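So the sequence shown is numbered by my numbering: it starts at 17 and just counts up by one.
One structure is given here, and the rest of the page talks about it.
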Amino acid sequence: MTHVPDIQAAVEAAAAALRARIGDRLDGAVPDVAITMGSGLGGLGEEIEDPVRVPYEDLPGWPRPTVIGHAGHALIGALGGRPVLGLSGRVHLYEGGPPDRVVFYVRVAAALGIPVLFLSNAAGAIRDGWHPGELMLIADHLNLTGTSPLFGPVVGTENRFPDLTFAHDPRLRAIVRETASDLGQTLHEGVYAAMHGPAFETPAEIRMLRALGADAVGMSTVPEVIAARALGIRCVAVSCLTNYAAGVLDEPLNHEEVLETTKLARADFQRLVAESVRRFP
Ligand code: HPA
């Protein structure tokens, strides 16, 4: 059981290091929102004004992502007129190690007192009539990763049995929906199925996910939402649909296509996040 105090101690050490950098940029103000930039969506970082850039390697204990398209630094600055902490690059379950690694940054955000987490990801489109290059607001999720970031002893102040009824915050979702409508953007809303990966799904698995009520599929976000809810952070998440899920078309999938397609949605995505954050309570 020795790893439990270690996790919390590591979280607090990283939070202290980040707090010092936040002090430089925001005069000690706590960011209103932490924003996780998904695969190919790190361009949002360029919208953050006068950012202080903190490479993850400068933050003690911070797990470093290994995937192409995930840079690996925190950005402290303003977006939509609000103080934010941008996170470019995240660790996925499929990179190995305990699920703790994936949610380390969420625990740091909680230690800093950040009240809202805005997540994004690249996802495969399952729902008929939805296409690559479009955005989907996550209304709810299916945790099919076979694990939970909360397995094991309770860490810090997290709730042992967090309620996930409103995991994807209804009020924040309403703001994002309304923002998309005001910006004239198409924004789908649906259920995100989280898989462990790293292999893409088989066509049979996609048929299963469709039958289970999934509209999109990916390999991230859900562990972080679960940890955030256990720590009282409100969450909202947007998927960039980057490909038709396996078997929807009679052709193979690949990661390069995923990254390439994010370019189609990038401008809409960036405006949507910045304008939504401006309107958050
Ligand atoms: N499946 C799983 N993860 C993904 C996909 C997909 O089709 N597209 C982008 N991330």
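Idealized CB from N, CA, C, for every residue including glycine.
Everything numeric in this text was worked out from a predicted model, so none of it was measured.
Looking only at its own chain, which residues have a Cβ that is under 6 Å from the Cβ of residue i, when we skip the five neighbours before and after it?
{"i": "Asn175", "result": "Ala246"}
{"i": "Pro104", "result": "For the sequence presented, residue 104 should be read as Ser rather than Pro. Correct list, in chain order: Met53, Gly58, Gly61, Ala87 and His89."}
{"i": "Leu91", "result": "Gly61, Ile64, Pro67, Arg69 and Gly102"}
{"i": "Arg282", "result": "Gly59"}
{"i": "Arg41", "result": "Val68 and Ile92"}
{"i": "Gly172", "result": "Gln24"}
{"i": "Glu273", "result": "Asn259"}
{"i": "Pro47", "result": "Pro99, Val100, Leu101 and Ile130"}
DSSP puts residue i in a beta bridge; with which residues?
{"i": "Ser164", "result": "The partner list for Ser164 (beta bridge, DSSP) is empty, contrary to what the question assumes."}
{"i": "His184", "result": "Cys251"}
{"i": "Val233", "result": "Gly140 and Ala209"}
{"i": "Ala94", "result": "Glu65 and Pro99"}
{"i": "Asp156", "result": "Val207"}
{"i": "Pro216", "result": "Looking at the sequence itself, residue 216 is Phe, so the reference to Pro does not match. DSSP, once it has assigned bridges, lists no residue as partnering Phe216."}
{"i": "Phe134", "result": "Ile51 and Val252"}
{"i": "Asn259", "result": "Gly140"}
Spatial neighbours of residue i within its chain, please: C-beta separation below 7 Å, excluding the five flanking residues on both sides.
{"i": "Gly162", "result": "His212"}
{"i": "Thr202", "result": "Glu150"}
{"i": "Gln286", "result": "Gly59, Leu60 and Glu63"}
{"i": "Arg117", "result": "Pro79 and Val107"}
{"i": "Gly97", "result": "Arg294"}
Can you name, in chain order, every residue of its own chain whose Cβ lies under 8 Å from the Cβ of residue i, other than the five neighbours on each side?
{"i": "Arg189", "result": "Leu153, Ala155, Glu205 and Val252"}
{"i": "His157", "result": "Ala183, His184, Val207, Tyr208, Ala209, Ala210, Thr237, Val238 and Val241"}
{"i": "Thr18", "result": "At Thr18, the pLDDT of 42 sits below 50, so the modelled position is not reliable; the number obtained from the coordinates is stated separately. None."}
{"i": "Pro178", "result": "Leu166, Ile242, Arg245 and Ala246"}
Look at the alpha carbon of residue i and the alpha carbon of residue j, and state the distance between them as a whole number of angstroms.
{"i": "Val289", "j": "Pro99", "result": "13 Å"}
{"i": "Phe296", "j": "Glu194", "result": "12 Å"}
{"i": "Asp144", "j": "Glu28", "result": "45 Å"}
{"i": "His147", "j": "Val254", "result": "15 Å"}
{"i": "Leu280", "j": "Asp22", "result": "42 Å"}
{"i": "Ala26", "j": "Ser292", "result": "32 Å"}
{"i": "Asp74", "j": "Ala32", "result": "12 Å"}
{"i": "Tyr121", "j": "Trp78", "result": "8 Å"}
{"i": "Ala227", "j": "Gly113", "result": "31 Å"}
{"i": "Arg123", "j": "Gly39", "result": "19 Å"}
{"i": "Tyr260", "j": "Phe167", "result": "32 Å"}
{"i": "Ile142", "j": "Ala196", "result": "21 Å"}
{"i": "Asn137", "j": "Gly234", "result": "8 Å"}
{"i": "Pro219", "j": "Ala230", "result": "14 Å"}
{"i": "Leu265", "j": "Thr278", "result": "19 Å"}
{"i": "Ala215", "j": "Pro81", "result": "17 Å"}
{"i": "Leu109", "j": "Leu135", "result": "16 Å"}
{"i": "Gly248", "j": "Arg223", "result": "34 Å"}
{"i": "Arg37", "j": "Asp198", "result": "35 Å"}
{"i": "Gly263", "j": "Asp284", "result": "27 Å"}
{"i": "Gly200", "j": "Val170", "result": "44 Å"}
{"i": "Ile191", "j": "Leu180", "result": "20 Å"}
Could you tell me the boundaries of the alpha helix (DSSP H) in which residue i lies?
{"i": "Arg117", "result": "Asp116 to Leu128"}
{"i": "Val238", "result": "Val238 to Ala246"}
{"i": "His147", "result": "From DSSP, His147 is part of no alpha helix (DSSP H); its letter is neither H nor E."}
{"i": "Asp284", "result": "His271 to Arg295"}
{"i": "Ala45", "result": "Taken as a continuous stretch (DSSP letters only), Ala45 belongs to no alpha helix (DSSP H), as it is neither H nor E."}
{"i": "Glu267", "result": "Taken as a continuous stretch (DSSP letters only), Glu267 belongs to no alpha helix (DSSP H), as it is neither H nor E."}
{"i": "Arg80", "result": "No alpha helix (DSSP H) holds Arg80; DSSP gives it neither H nor E."}
{"i": "Leu225", "result": "Pro219 to Ala227"}
Could you tell me the boundaries of the beta strand (DSSP E) in which residue i lies?
{"i": "Pro99", "result": "Arg98 to Ser104"}
{"i": "Ile51", "result": "Val49 to Met53"}
{"i": "Leu109", "result": "Element bounds for Leu109: n/a, residue is neither H nor E."}
{"i": "Asp66", "result": "Glu65 to Pro71"}
{"i": "Val207", "result": "Leu203 to Met211"}
Out of the options, state which residue places its alpha-carbon closest to the alpha-carbon of residue i.
{"i": "His271", "options": "Leu95, Gly56 and Ile249", "result": "Gly56"}
{"i": "Gly129", "options": "Glu276, Gly44 and Tyr208", "result": "Gly44"}
{"i": "Leu225", "options": "Leu34, Ala36, Asp284 and Asn159", "result": "Asn159"}
{"i": "Leu133", "options": "Glu267, Val238, Cys256 and Ala232", "result": "Val238"}
{"i": "Arg250", "options": "Cys256, Pro186, Val171 and Leu166", "result": "Pro186"}
{"i": "Val207", "options": "Leu257, Ala126 and Ile51", "result": "Leu257"}
{"i": "Ala30", "options": "Val49, Ala126 and Tyr110", "result": "Ala126"}
{"i": "Pro115", "options": "Arg37, Pro165 and Leu180", "result": "Pro165"}
{"i": "Glu267", "options": "Leu109, Pro131 and Glu217", "result": "Glu217"}
{"i": "Gly140", "options": "Glu221, Gly200 and Val192", "result": "Glu221"}
{"i": "Leu34", "options": "Ile51, Ala262 and Pro71", "result": "Pro71"}
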